[in-house]
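Quick note: the sequence shown uses UniProt numbering, first residue 1, plus one each step.
The C-beta atom is built at its ideal place from N, Cα and C for all residues, glycine as well.
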Amino acid sequence: MTDEQGAKGTVSYLMEMGALKRGKRSGWWIVGVKDPETIAEHSFRTAVIGAVLAMLEAEVRQYPPGELVGVSCLADGPDAWFAQDVLDHGGRVEAVLPAEQYRDDLPEWHHPTYDGLLGSAAEVHRTGLVESGSHAHQAGSEILVGLVDRLLAVWDGKPARGYGGTADVVAYARRTGVPVRVLWPKDASRD
């Protein structure tokens with residue numbers, strides 16, 4: 001096959017694909033995504049997550065397993081990643097529950113991870129609040145800060161999106177004299 005024949009075949013194929021797209025479909029659902037991310041955006045987001053995972057693991061590995069106690073609210077994302085890293089390294093996890101209904105506010109896909117980590121917790125601390133919300137999250141974070149020697153914060157340095165966000169927790173830790181180590185990949189953005 002010559003290059004010209006290959007090119008004609010490719011053009012023919014693409015035209016057929018276009019014709020199929022214009023044809024009536026049966027047995028298929030067409031789903032649209034508003035403002036989908038590009039491959040580059042997806043790749044960058046994936047790289048940021050990988051960098052954060054590596055940073056958390058590096059921090060955890062600095063401590064002897066027998067001396068390591070990680071305290072976490074076990075939320076989806078860095079909270080759970082950190083707790084799992086601590087367990088994988090042989091350390092202990094203590095969980096802080098901001099509210100009795102906290103699990104209900106977490107994404108359903110995270111429930112199995114949350115349940116597993118909570119079941120692995122050596123100790124569970126509670127705020128005493130029932131309803132989960134920003135005030136409960138801040139209360140839980142304040143308990144967490146009171147239990148730790150150092151706070152690891154996966155944070156881009158921007159203001160919190162709502163009360164009880166990372167910026168509020170970092171500010172509270174600094175006000176109370178708890179050292180803060182901020183982990184954030186260079187040039188990354190949360191948006």
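Residue from the options whose Cα sits closest to the Cα of residue i
i, options, result
"L56", "H42, A83, P64, T46", "A83"
"A173", "W155, G70, S189, R150", "R150"
"E67", "G91, T38, A122", "G91"
"L144", "D79, Y114, K186", "D79"
"G50", "E37, D104, W81", "W81"
Beta-carbon gap between residue i and residue j smaller than 8 Å
i, j, result
"L152", "S120", "no"
"G157", "W184", "yes"
"V52", "H89", "no"
"S141", "Q101", "no"
"residue 203", "L129", "Outside the modelled stretch of the chain, which goes from 1 to 191, sits residue 203, for which no answer is possible."
"A188", "V48", "yes"
"L106", "D76", "yes"
"A99", "T127", "yes"
Close beta carbons around residue i, own chain, < 6 Å, minus the five adjacent residues each side
i, result
"G164", "S134, H137, Q138"
"V178", "V145, L151"
"D115", "none"
"E41", "none"
Residue(s) in a DSSP beta bridge with residue i
i, result
"H125", "V96"
"A153", "V182"
"S141", "DSSP, once it has assigned bridges, lists no residue as partnering S141."
"residue 194", "Here the chain comprises residues numbered 1 to 191, so residue 194 is not present and cannot be evaluated."
Sequence-distant residues of the same chain with beta carbon closer than 8 Å to residue i, five excluded per side
i, result
"L147", "V71, E94, V96, H125"
Where the alpha helix (DSSP H) containing residue i begins and where it ends
i, result
"A40", "39-60"
"L117", "111-120"
"D168", "166-175"
"V86", "78-88"
"Y102", "102-105"
Neighbourhood of residue i by C-beta distance below 7 Å, restricted to the same chain and skipping five residues each side
i, result
"S26", "With a pLDDT of only 49 at S26, under 50, the local geometry of the prediction cannot be trusted, and no value is derived from it."
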